[in-house]
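Take 158 as the starting number for the sequence shown in my numbering and just add one per residue.
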Amino acid sequence: MANRLSRRQILGMGAASLAGGVVWPQEGYPASQSGAGRYKPATAQPKAQGGRPYWQKTYSGGPLDVAPLPPGLSGEHYRPVVVPNGAALPFKVVDWVKVFHVIAEDVDHAFDSGLRAHCWGYNGRVNSTVIEAVEGDRIRIYVTNRLPVPTSTHWHGIYLPNGMDGVGGLTQPYIKAGETAKYEWTLRQYGTFMFHSHHDEMTQMGMGLIGMFIVHPRHPSPDYRVDRDFSLMVSEWSIKAGTARPNTVEMSDFNVLTINGKVFPSTAPLVCKTGDRVRLRLGNLGATDHHPMHIHGHHFRITATDGEDIHLSAQWPETTALVAVGQTRNLELITDAPGDWAFHCHMTHHVMNQMGHEFPNIGGMKPGDLNEKIRPLLPAYMTHGQTGMDMGKMAEVMPYPRNTISMKGATGPFGDYISMGGLFTIVKVRDRLTSYDEDPGWYQHPPGTVALKASDADLARDGINVNEPSTGG
Ligand SMILES: [Cu+2]
158 MANRLSRRQI LGMGAASLAG GVVWPQEGYP ASQSGAGRYK PATAQPKAQG GRPYWQKTYS
218 GGPLDVAPLP PGLSGEHYRP VVVPNGAALP FKVVDWVKVF HVIAEDVDHA FDSGLRAHCW
278 GYNGRVNSTV IEAVEGDRIR IYVTNRLPVP TSTHWHGIYL PNGMDGVGGL TQPYIKAGET
338 AKYEWTLRQY GTFMFHSHHD EMTQMGMGLI GMFIVHPRHP SPDYRVDRDF SLMVSEWSIK
398 AGTARPNTVE MSDFNVLTIN GKVFPSTAPL VCKTGDRVRL RLGNLGATDH HPMHIHGHHF
458 RITATDGEDI HLSAQWPETT ALVAVGQTRN LELITDAPGD WAFHCHMTHH VMNQMGHEFP
518 NIGGMKPGDL NEKIRPLLPA YMTHGQTGMD MGKMAEVMPY PRNTISMKGA TGPFGDYISM
578 GGLFTIVKVR DRLTSYDEDP GWYQHPPGTV ALKASDADLA RDGINVNEPS TGG
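In structure tokens form, the structure reads like this:
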């Protein structure tokens, strides 16, 4: 029984905790140490018993009656995150309270220059409106519902009073069409979180009612400071070719995969300088798919989840991080290799644009003169994909319906097609930049560092006979 606390001890702890109230860590608190800057109860935590530590942290941010701190201000207390293809929501300060106004509404959204759809979004943007605040801030968020149906807004991963949790029908009444609800609490943690509709989620999140919620630490450790801090929300949609409204009934066959509501080539590049410390904050509020996000030419460390920072000794080096539905992951790296580096989901179907999947597998089929026979009837006909998906060629010759980006990628620096779409963007690392806000164009490779067609001289020097039978190793 030595390892167990007596009932009296437990009651005593509770009383001490209540009497002691709660304080914030003092200025200079080593936030990178255990607890990572979160505020702590004033009373001492119970020590490990019998050499066997037992769970002693708070898992919900501790007591609610913490006094707010002065509003943390951009430039003074934090460096704002970068939101490619999006923006942070403005706020005003009223009597030390940060006041935000979230508006759920119809948005005519462009996923790319070739595809628009009638979506729902927050404050005129789809998936790319970010709420940004600081640990210790008192925040008041008004949510105005301009949709034709009821909604509610959940603050995903955030410690708050139960009645502010935003689960329609469970913790609050619906926000009916035309109504405005008021949420208010004090932020008692920092990290990468999200917000989304929590009423008829399948429809409302599928229509676009999702966003990132970034909370900066009140006392950041030196480790927290990065040169580039990107907020990236990934999601998935079903929009059949030729239509202009997401099909939210779809359960598995998604064909438009987005970062901050955009597909490649409309995803804004992540512009960095050589040697920058870079944080990629990823969130996934898609319907059903988890996304293994992969970087080229570098590796990153997974430094935090939406639960908490991961201690340095436990950070996991990877080139691919799985971001499951409902998760956030902070990835950190040093961009020390100049170039245009792909950063994308590694599920091959998630880097395609608006592909339909309802056709037979004709890989390896010999179409003969089928194309020529059919073209008098259908001038742009091409047998679909017998040697793969040459998207550039298909985009040129295939007759697609209006408002469709089937197979669309982009022409790259060598004049060839980059056969990617969807969950794909480019980390552009440069030795010199005039501005982080401008696309620096394609990378200019130093001479001799591009894989080009081998010359006859190369082949002769190295004794490569391109016609010799392959040995199979
Ligand atoms: Cu994916």
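All C-beta atoms, glycine included, are put in the ideal place defined by N, C-alpha and C.
Residue i, buried or exposed, once every other Cβ within 10 Å from all chains shown has been counted against 16
| i | result |
| --- | --- |
| W277 | buried |
| L304 | buried |
| N302 | buried |
| G178 | Note that G178 scores a pLDDT of 43, beneath 50, so its modelled location is shaky; the value from the coordinates is reported in the next line. It counts as exposed. |
| R375 | buried |
| L439 | buried |
| D526 | exposed |
| Q601 | exposed |
| T591 | exposed |
| L437 | buried |
| R195 | Only weak support is given to the placement of R195: the predicted model assigns it a pLDDT of 47, under 50, and the value that follows is read from those uncertain coordinates. When all chains shown are included, R195 counts as buried. |
| A224 | exposed |
| T424 | buried |
| M408 | exposed |
| N624 | exposed |
| V406 | exposed |
| P318 | exposed |
| D446 | buried |
| V251 | exposed |
| A617 | exposed |
| P125 | In this structure the chain extends from 158 to 630, so residue 125 is not present and cannot be described. |
CA-to-CA distance, residue j to residue i, given in whole angstroms
| i | j | result |
| --- | --- | --- |
| V240 | A274 | 21 Å |
| Y340 | L246 | 16 Å |
| F257 | I296 | 8 Å |
| R587 | C429 | 6 Å |
| G605 | G432 | 23 Å |
| R385 | V584 | 11 Å |
| F571 | G335 | 52 Å |
| E262 | L366 | 9 Å |
| T561 | P379 | 47 Å |
| A444 | P597 | 34 Å |
| R434 | R458 | 12 Å |
| W394 | A567 | 21 Å |
| F370 | L389 | 11 Å |
| G281 | K530 | 49 Å |
| K249 | M504 | 41 Å |
| T628 | D615 | 21 Å |
| N417 | G271 | 17 Å |
| P626 | V607 | 27 Å |
| D619 | K610 | 15 Å |
| S217 | V482 | 21 Å |
| D613 | W599 | 29 Å |
| I260 | D594 | 27 Å |
| I332 | L344 | 23 Å |
| G232 | D573 | 43 Å |
| P377 | N487 | 15 Å |
| G569 | T215 | 51 Å |
| M362 | R236 | 29 Å |
| V264 | P330 | 25 Å |
Proximity below 8 Å, CB of residue i to CB of residue j
| i | j | result |
| --- | --- | --- |
| V287 | G243 | yes |
| N284 | G368 | yes |
| H455 | L580 | no |
| T337 | G323 | no |
| Q346 | V383 | no |
| M364 | P403 | yes |
| H468 | A499 | no |
| G229 | D269 | no |
| G348 | G314 | yes |
| V291 | H234 | yes |
| T485 | M450 | no |
| G320 | R559 | no |
| V480 | V391 | yes |
| G511 | I396 | What sits at residue 511 in the sequence shown is Gln, not Gly. Contact: yes. |
| H501 | M577 | yes |
| V254 | F387 | no |
| T308 | L427 | no |
Closer than 8 Å to chain D by CB, residue i
| i | result |
| --- | --- |
| K255 | This model lacks chain D altogether, as it is built from one protein chain only. |
Count the CB pairs spanning the region 490-508 and the region 349-367 that are closer than 8 Å, and state whether there are at least three. At 8 Å Cβ cutoff, the stretches do not touch.
Could you tell me whether the region 461-478 touches the region 413-431, where touching means 3 or more Cβ pairs closer than 8 Å? The count of Cβ pairs closer than 8 Å, one atom from the region 461-478 and one from the region 413-431, stays below three, leaving the stretches out of contact.
Could you tell me which whole beta strand (DSSP E) segments of length 3 or greater appear in the region 412-453? Within the region 412-453, the complete beta strand (DSSP E) runs of at least 3 residues are 413-416, 427-430, 433-441, 448-452.
Would you mind listing the alpha helix (DSSP H) stretches within the region 322-370 that are 4+ residues and don't spill past its ends, in chain order? Within the region 322-370, the runs of alpha helix (DSSP H) at least 4 residues long that lie entirely inside it are, in chain order, 358-363.
What runs of the beta strand (DSSP E), each 3 residues or longer, lie entirely inside the region 271-329? The qualifying runs are 272-279, 286-291, 295-302, 310-313.
Can you give, in chain order, each stretch of the beta strand (DSSP E) that sits fully within the region 567-594 and has at least 3 residues? If we require 3 residues or more, the beta strand (DSSP E) runs fully inside the region 567-594 come out as 581-587.
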